[in-house]
Amino acid sequence: MASGKETPRQKMIGMMYLVLTALLALQVSNAVLEKFAIINETLATLIEDGKKKSEATMQAIIEEAGKSQSPKVVEAKDKAQKVRDLTKTTIEYIDGLKLRMLKQSGTDKVTENVINDHSSKVATMMIDPNSKDQEGKKYEKLLNDYVKQISELSGIKEFDKLAKPPKEIPLFAGDEDHVRKDYLTFTFENTPVIAALASVTQTETKILEYEARALDKLREDAGADRISFDQFVPMVRAKSSVVAAGAKYEAQMFLTGSSTAILPEFYKDGAKLNVIEDKTGVKMGKVEFIASGGNYDSHGFAKKSFK
Numbered sequence: 057m058a059s060g061k062e063t064p065r066q067k068m069i070g071m072m073y074l075v076l077t078a079l080l081a082l083q084v085s086n087a088v089l090e091k092f093a094i095i096n097e098t099l100a101t102l103i104e105d106g107k108k109k110s111e112a113t114m115q116a117i118i119e120e121a122g123k124s125q126s127p128k129v130v131e132a133k134d135k136a137q138k139v140r141d142l143t144k145t146t147i148e149y150i151d152g153l154k155l156r157m158l159k160q161s162g163t164d165k166v167t168e169n170v171i172n173d174h175s176s177k178v179a180t181m182m183i184d185p186n187s188k189d190q191e192g193k194k195y196e197k198l199l200n201d202y203v204k205q206i207s208e209l210s211g212i213k214e215f216d217k218l219a220k221p222p223k224e225i226p227l228f229a230g231d232e233d234h235v236r237k238d239y240l241t242f243t244f245e246n247t248p249v250i251a252a253l254a255s256v257t258q259t260e261t262k263i264l265e266y267e268a269r270a271l272d273k274l275r276e277d278a279g280a281d282r283i284s285f286d287q288f289v290p291m292v293r294a295k296s297s298v299v300a301a302g303a304k305y306e307a308q309m310f311l312t313g314s315s316t317a318i319l320p321e322f323y324k325d326g327a328k329l330n331v332i333e334d335k336t337g338v339k340m341g342k343v344e345f346i347a348s349g350g351n352y353d354s355h356g357f358a359k360k361s362f363k
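Mapping of the sequence shown onto our numbering: residues 57 to 363, in sequence order.
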């Protein structure tokens, strides 16, 4: 998950899930339920990848913030830590919810019995308004609170709702059977255990996607994307390399810097150039070519431009 946006793989899995949800509404077959099991397992892999990326981003923010006492940098680090803590707490709650769903089938992991369980035990657990634990309401509130809090911490206002009713999902917005349903009913009504698990696991991947976007934003605020230069060379850029006697010579003096941790790449007209190392240790792209003539002006000069 590493840019903050969904990868093609995540988009494909999300679309597969929506298609299977539509098929599930028509007919519950073992073949459909087996596909939900596959998607649930694949999404679990994406979740682990997302957690690793978030930890790496958080570490980069901590390292950068440790080099600066700037209030902006310190604030970005503190908010990033709160984003991490919020996400961990949210994922832990949802993982616990998934275990409670599995217990409805008398197990603590996905088995053939879970895949073949066509009952609506989880639907009752999540939707029944008379349920003692009110699992569904707690879950929906958790998702709404997460979006609100991560938006406030990151400053990103474009996060979409996680607990989205079918009228806000293009694929189902025109379906008369679904458009009047609320989020919980649409997600869990007549839904077998494995399909409910896949739905909740998919939501976890969205949460980690939101976290990645928030951390990337806060990483920029903390300056963790800045390049630290550790080599400098004084240079002079002359307005003209030829000056007549009595005329003024003009030039700009400046420092150019590079980082020993980065191997830069240089291109001329799309062609990669050789990289040479100056005696100071600064790496530079070597530009050399045979000058060609043509289109001379009245003074005998021909102008050329290069990218």
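Note that the Cβ used here is the ideal one computed from N, Cα and C, for glycine as well.
In whole angstroms, give me the CA-to-CA distance for Gly-326 and Ile-346.
Rounded to whole angstroms, Gly-326 to Ile-346 spans 17 Å at the Cα level.
Quick one: is Gly-230 near chain C, going by C-beta distance under 8 Å?
Although the question refers to chain C, the structure presented lacks it and comprises just one protein chain.
Quick check: what's the CA-CA separation for Lys-109 versus Lys-304?
Distance between the alpha carbons of Lys-109 and Lys-304 is about 57 Å.
In the structure shown, what three-state DSSP assignment does Ala-294 receive?
Three-state DSSP puts Ala-294 in a strand.
Can you tell me whether Leu-155 is buried or exposed, with buried defined as 16 or more other CB within 10 angstroms of its CB?
Label assigned to Leu-155: exposed.
Cutting at 7 Å between CB atoms, please list the residues of its own chain near Lys-45, excluding the five before and the five after it.
For residue 45 there is no data in the structure shown, the boundaries of the chain being 57 and 363.
Assuming Thr-257 and Ala-100 are in contact, meaning their beta carbons sit under 8 Å apart, how far apart are those beta carbons, in whole angstroms?
Rounded, the Cβ-Cβ distance is 6 Å, consistent with contact.
How would you write the range of the alpha helix (DSSP H) that Ser-210 sits in, first residue to last?
Note, Ser-210: alpha helix (DSSP H), 191-210.
With H, G and I counted as helix, E and B as strand and the rest as coil, what does DSSP make of Tyr-352?
Note: Tyr-352 maps to coil in three-state DSSP.
Helix, strand or coil for Ala-319, going by three-state DSSP, please let me know.
The identity of residue 319 in the sequence shown is Leu, whereas the question assumes Ala. Coil.
Between Val-139 and the rest of its own chain, which residues show a CB-CB distance below 8 Å, the 5 nearest in sequence each way excluded?
For Val-139, where only same-chain residues beyond five positions count, the Cβ hits under 8 Å are Ile-206, Leu-209, Ser-210, Glu-267, Ala-270, Leu-271, Leu-274.
How about Leu-153 and Thr-261: do their beta carbons lie closer than 8 Å?
For Leu-153 and Thr-261, no; Cβs fall outside 8 Å.
Under 8 Å: do the segment 291-303 and the segment 128-143 share three or more Cβ pairs, one atom per stretch?
Touching, no, given that fewer than three Cβ pairs across the two stretches are closer than 8 Å.
Using 8 Å as the threshold, is the segment 166-184 in touch with the segment 226-246, meaning 3 or more CB pairs across them?
Short answer: they touch.
Nearest-angstrom Cα distance between Glu-344 and Tyr-323?
Their Cα atoms are separated by approximately 12 Å.
Using a threshold of 8 Å, state whether the C-beta atoms of Val-129 and Ala-252 are closer than that.
Cβ distance not < 8 Å, so Val-129 and Ala-252 don't count as in contact.
Give a yes or no on whether the C-beta atoms belonging to Ala-219 and Asn-96 are separated by under 8 Å.
Contact: no.
From what residue to what residue does the alpha helix (DSSP H) around Gly-152 run?
That run of the alpha helix (DSSP H) goes 127-159.
Cα-Cα, which of Val-338, Gly-356, Ser-354 is closest to Gly-313?
Taking only the C-alpha atoms, the option nearest Gly-313 is Val-338.
At the level of alpha carbons, what is the spacing between Thr-167 and Glu-148?
Their backbone Cα atoms lie some 22 Å apart in a straight line.
Looking at the unbroken beta strand (DSSP E) that takes in Leu-5, where does it start and where does it end?
Because residue 5 is not part of the residues shown, which for the chain are 57 to 363, the question remains open.
Quick check on the DSSP output: the beta strand (DSSP E) that includes Leu-331 runs from which residue to which?
Note that residue 331 corresponds to Val in the displayed sequence, not to Leu. Counting along the chain, the beta strand (DSSP E) containing Val-331 begins and ends at 331-333.
Mapping DSSP to helix, strand and coil, what is Ala-347?
In this structure, Ala-347 counts as coil in the three-state DSSP scheme.
Out of Lys-223, Thr-143, Phe-288, Tyr-202, state which residue places its alpha-carbon closest to the alpha-carbon of Met-309.
When each option's Cα is compared against that of Met-309, the closest is Phe-288.
Just the C-alpha distance for Gly-106 and Pro-221, rounded to the nearest angstrom, thanks.
Answer to the nearest angstrom: the Cα atoms are 26 Å apart.
Here's the rule: buried if 16 or more other CB atoms are within 10 angstroms of the residue's CB, otherwise exposed. What is Pro-320?
Exposed.
In terms of DSSP beta bridges, what is Met-340 paired with?
Paired residues: Ile-332.
Is the distance from the Cβ of Asp-201 to the Cβ of Val-249 below 8 Å?
Contact: no.
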